[in-house]
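Peer 1: Dropping a structure here in C-alpha coordinates format, bear with me for questions.
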Amino acid sequence: MKQLFLIIGAPGSGKTTDASLIAKNDESFAHYSTGDLLRAEVASASELGKTIDGFISKGNLVPLDIVVNTIVSAIKASSKDLILIDGYPRSVEQMTALDDVLRSQRDIKLKGVVEVEVSEQTARTRVLGRARGADDNDEVFDNRMQVYLRPINEIRAFYERQGLLHTISGEAGIDEIVSNLANLLNTLKA
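Okay, structure coming up:
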(Lines of atoms letter the chains of each structure in order from A and count residues from 1; the text may use other names and numbers.)
(Lines give C-alpha, C1' and ligand atoms only; values in the text may rest on other atoms or scores of the structure.)
Protein backbone atom coordinates (compact mmCIF):
# COMPACT_ATOMS: atom_id res chain seq x y z
CA MET A 1 0.00 0.00 0.00
CA LYS A 2 1.39 3.37 -1.05
CA GLN A 3 1.08 6.10 1.58
CA LEU A 4 0.63 9.58 0.08
CA PHE A 5 1.48 12.88 1.79
CA LEU A 6 0.68 16.22 0.18
CA ILE A 7 2.83 19.23 1.13
CA ILE A 8 1.15 22.58 0.45
CA GLY A 9 2.08 26.17 1.18
CA ALA A 10 2.41 29.66 -0.21
CA PRO A 11 5.06 30.52 -2.79
CA GLY A 12 8.28 30.88 -0.82
CA SER A 13 7.07 28.68 2.04
CA GLY A 14 9.88 26.23 1.37
CA LYS A 15 7.60 23.25 0.67
CA THR A 16 9.65 21.93 -2.28
CA THR A 17 12.98 22.32 -0.48
CA ASP A 18 11.55 20.74 2.69
CA ALA A 19 10.08 17.75 0.83
CA SER A 20 13.24 17.17 -1.22
CA LEU A 21 15.40 17.23 1.93
CA ILE A 22 13.08 14.74 3.67
CA ALA A 23 13.43 12.35 0.71
CA LYS A 24 17.19 12.90 0.59
CA ASN A 25 17.61 12.28 4.34
CA ASP A 26 15.18 9.33 4.55
CA GLU A 27 15.39 6.91 1.64
CA SER A 28 11.99 5.39 2.45
CA PHE A 29 10.35 8.53 0.94
CA ALA A 30 9.99 9.43 -2.73
CA HIS A 31 9.41 13.10 -3.57
CA TYR A 32 7.63 14.49 -6.63
CA SER A 33 6.34 17.82 -7.79
CA THR A 34 3.59 17.86 -10.39
CA GLY A 35 5.64 19.93 -12.85
CA ASP A 36 8.51 17.44 -12.63
CA LEU A 37 6.11 14.53 -13.14
CA LEU A 38 4.62 16.09 -16.27
CA ARG A 39 8.06 16.90 -17.70
CA ALA A 40 9.28 13.35 -16.97
CA GLU A 41 6.24 11.88 -18.70
CA VAL A 42 6.92 14.05 -21.78
CA ALA A 43 10.59 12.99 -21.73
CA SER A 44 9.59 9.32 -21.61
CA ALA A 45 7.91 9.73 -25.03
CA SER A 46 4.98 7.59 -23.85
CA GLU A 47 1.54 8.09 -25.39
CA LEU A 48 0.54 10.04 -22.28
CA GLY A 49 3.75 12.08 -22.60
CA LYS A 50 2.94 12.94 -26.21
CA THR A 51 -0.55 14.05 -25.17
CA ILE A 52 0.87 16.22 -22.37
CA ASP A 53 3.46 17.72 -24.73
CA GLY A 54 0.67 18.64 -27.14
CA PHE A 55 -0.78 20.93 -24.48
CA ILE A 56 2.46 22.28 -23.00
CA SER A 57 4.10 23.04 -26.36
CA LYS A 58 1.13 25.26 -27.26
CA GLY A 59 1.28 27.04 -23.91
CA ASN A 60 -1.98 25.47 -22.73
CA LEU A 61 -2.74 24.03 -19.32
CA VAL A 62 -2.70 20.26 -19.13
CA PRO A 63 -6.26 19.03 -18.44
CA LEU A 64 -6.94 18.05 -14.85
CA ASP A 65 -7.72 14.39 -15.53
CA ILE A 66 -4.37 13.98 -17.27
CA VAL A 67 -2.51 15.66 -14.40
CA VAL A 68 -4.20 13.43 -11.81
CA ASN A 69 -3.58 10.29 -13.87
CA THR A 70 0.09 11.28 -14.21
CA ILE A 71 0.34 11.68 -10.42
CA VAL A 72 -1.34 8.33 -9.76
CA SER A 73 0.84 6.57 -12.36
CA ALA A 74 4.00 7.96 -10.76
CA ILE A 75 2.86 6.88 -7.29
CA LYS A 76 2.13 3.35 -8.49
CA ALA A 77 5.41 3.13 -10.43
CA SER A 78 7.51 4.32 -7.49
CA SER A 79 9.76 1.74 -5.87
CA LYS A 80 8.97 3.40 -2.53
CA ASP A 81 5.80 3.14 -0.47
CA LEU A 82 5.99 6.61 1.14
CA ILE A 83 5.28 9.37 -1.36
CA LEU A 84 5.61 13.14 -0.90
CA ILE A 85 4.02 15.44 -3.48
CA ASP A 86 4.55 19.14 -3.02
CA GLY A 87 2.49 22.01 -4.37
CA TYR A 88 -0.64 19.99 -5.04
CA PRO A 89 -3.53 20.66 -4.90
CA ARG A 90 -3.46 24.34 -5.88
CA SER A 91 -7.20 24.66 -6.51
CA VAL A 92 -10.50 23.23 -5.32
CA GLU A 93 -10.87 21.54 -8.73
CA GLN A 94 -7.48 19.84 -8.35
CA MET A 95 -8.35 18.74 -4.83
CA THR A 96 -11.71 17.30 -5.90
CA ALA A 97 -10.26 15.52 -8.94
CA LEU A 98 -7.51 13.90 -6.88
CA ASP A 99 -9.96 12.91 -4.15
CA ASP A 100 -12.28 11.28 -6.71
CA VAL A 101 -9.43 9.23 -8.20
CA LEU A 102 -7.98 8.24 -4.80
CA ARG A 103 -11.38 6.92 -3.68
CA SER A 104 -11.22 4.35 -6.48
CA GLN A 105 -7.64 3.30 -5.65
CA ARG A 106 -7.18 0.38 -3.28
CA ASP A 107 -3.38 0.59 -3.31
CA ILE A 108 -2.92 4.32 -2.53
CA LYS A 109 -3.97 5.94 0.75
CA LEU A 110 -3.78 9.66 1.45
CA LYS A 111 -2.29 9.78 4.95
CA GLY A 112 -1.87 13.52 5.46
CA VAL A 113 -1.86 17.01 4.01
CA VAL A 114 0.78 19.25 5.58
CA GLU A 115 0.65 23.00 5.15
CA VAL A 116 3.96 24.80 5.61
CA GLU A 117 2.78 28.14 7.00
CA VAL A 118 4.69 31.38 6.54
CA SER A 119 3.68 35.02 6.72
CA GLU A 120 3.18 36.85 3.44
CA GLN A 121 6.20 39.01 4.31
CA THR A 122 8.45 35.97 4.81
CA ALA A 123 7.22 34.46 1.55
CA ARG A 124 7.80 37.73 -0.34
CA THR A 125 11.31 38.15 1.10
CA ARG A 126 12.25 34.58 0.15
CA VAL A 127 10.84 34.67 -3.37
CA LEU A 128 12.20 38.10 -4.24
CA GLY A 129 15.50 37.35 -2.49
CA ARG A 130 16.20 34.30 -4.62
CA ALA A 131 15.43 36.24 -7.85
CA ARG A 132 16.12 33.28 -10.12
CA GLY A 133 14.18 34.55 -13.10
CA ALA A 134 12.15 37.27 -14.70
CA ASP A 135 9.07 36.03 -12.86
CA ASP A 136 10.55 36.76 -9.43
CA ASN A 137 9.20 40.29 -9.00
CA ASP A 138 6.55 41.99 -6.85
CA GLU A 139 3.79 41.85 -9.45
CA VAL A 140 4.24 38.16 -10.21
CA PHE A 141 4.63 37.35 -6.52
CA ASP A 142 1.37 39.19 -5.71
CA ASN A 143 -0.43 37.21 -8.42
CA ARG A 144 1.01 33.88 -7.25
CA MET A 145 0.05 34.70 -3.67
CA GLN A 146 -3.53 35.48 -4.71
CA VAL A 147 -3.73 32.23 -6.68
CA TYR A 148 -2.62 30.43 -3.51
CA LEU A 149 -4.91 32.35 -1.12
CA ARG A 150 -8.14 32.21 -3.16
CA PRO A 151 -8.89 28.49 -2.61
CA ILE A 152 -6.84 27.79 0.54
CA ASN A 153 -9.66 28.11 3.10
CA GLU A 154 -11.81 25.63 1.17
CA ILE A 155 -8.86 23.25 0.74
CA ARG A 156 -8.05 23.47 4.46
CA ALA A 157 -11.68 22.85 5.44
CA PHE A 158 -11.97 19.84 3.10
CA TYR A 159 -8.91 18.08 4.50
CA GLU A 160 -9.66 19.15 8.07
CA ARG A 161 -13.08 17.45 7.88
CA GLN A 162 -11.26 14.25 6.94
CA GLY A 163 -8.78 14.61 9.80
CA LEU A 164 -5.91 14.88 7.29
CA LEU A 165 -4.79 18.51 7.65
CA HIS A 166 -1.65 19.29 9.64
CA THR A 167 0.31 22.52 9.89
CA ILE A 168 3.94 23.26 10.59
CA SER A 169 5.64 26.63 10.80
CA GLY A 170 7.90 27.49 7.90
CA GLU A 171 9.30 30.54 9.72
CA ALA A 172 12.22 28.79 11.46
CA GLY A 173 15.59 27.79 10.03
CA ILE A 174 15.63 25.07 7.38
CA ASP A 175 17.05 22.39 9.69
CA GLU A 176 14.33 22.95 12.28
CA ILE A 177 11.56 22.99 9.67
CA VAL A 178 12.77 19.78 8.02
CA SER A 179 13.13 18.11 11.43
CA ASN A 180 9.58 19.13 12.41
CA LEU A 181 8.20 17.94 9.08
CA ALA A 182 10.08 14.62 9.32
CA ASN A 183 8.77 14.03 12.84
CA LEU A 184 5.20 14.75 11.73
CA LEU A 185 5.47 12.46 8.68
CA ASN A 186 6.92 9.65 10.79
CA THR A 187 3.95 9.99 13.15
CA LEU A 188 1.43 9.97 10.29
CA LYS A 189 2.90 6.97 8.45
CA ALA A 190 2.24 4.63 11.36
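Terminal number for the sequence shown in UniProt numbering: 190, no gaps in between. Positions of the beta carbon are idealized from the N, C-alpha and C atoms, including for glycine.
Going by Cα to Cα distance, which pick from Tyr148, Ala23, Lys76, Ser46 is closest to Ser179?
Peer 2: Selected option, being the one with the closest Cα: Ala23.
Peer 1: From Gln121 to Arg156, what does the alpha carbon distance come to, in whole angstroms?
Peer 2: Distance between the alpha carbons of Gln121 and Arg156: 21 Å.
Peer 1: Out of Val42, Ser13, Asp65, which has the shortest C-alpha to C-alpha gap to residue 268?
Peer 2: Because residue 268 is not part of the residues shown, which for the chain are 1 to 190, the question remains open.
Peer 1: How about Ile71 and Val114: are their beta carbons less than 9 Å apart?
Peer 2: Contact: no.
Peer 1: Tell me, which residues are paired with Tyr32 by DSSP?
Peer 2: Ile85, per the DSSP bridge assignment.
Peer 1: Quick one: is Met1 buried, meaning 16 or more other Cβ sit within 10 Å of its Cβ, or exposed?
Peer 2: Burial call: exposed.
Peer 1: If you run the structure through DSSP and keep just helix, strand and coil, what is Glu117?
Peer 2: Here Glu117 sits in strand by DSSP.
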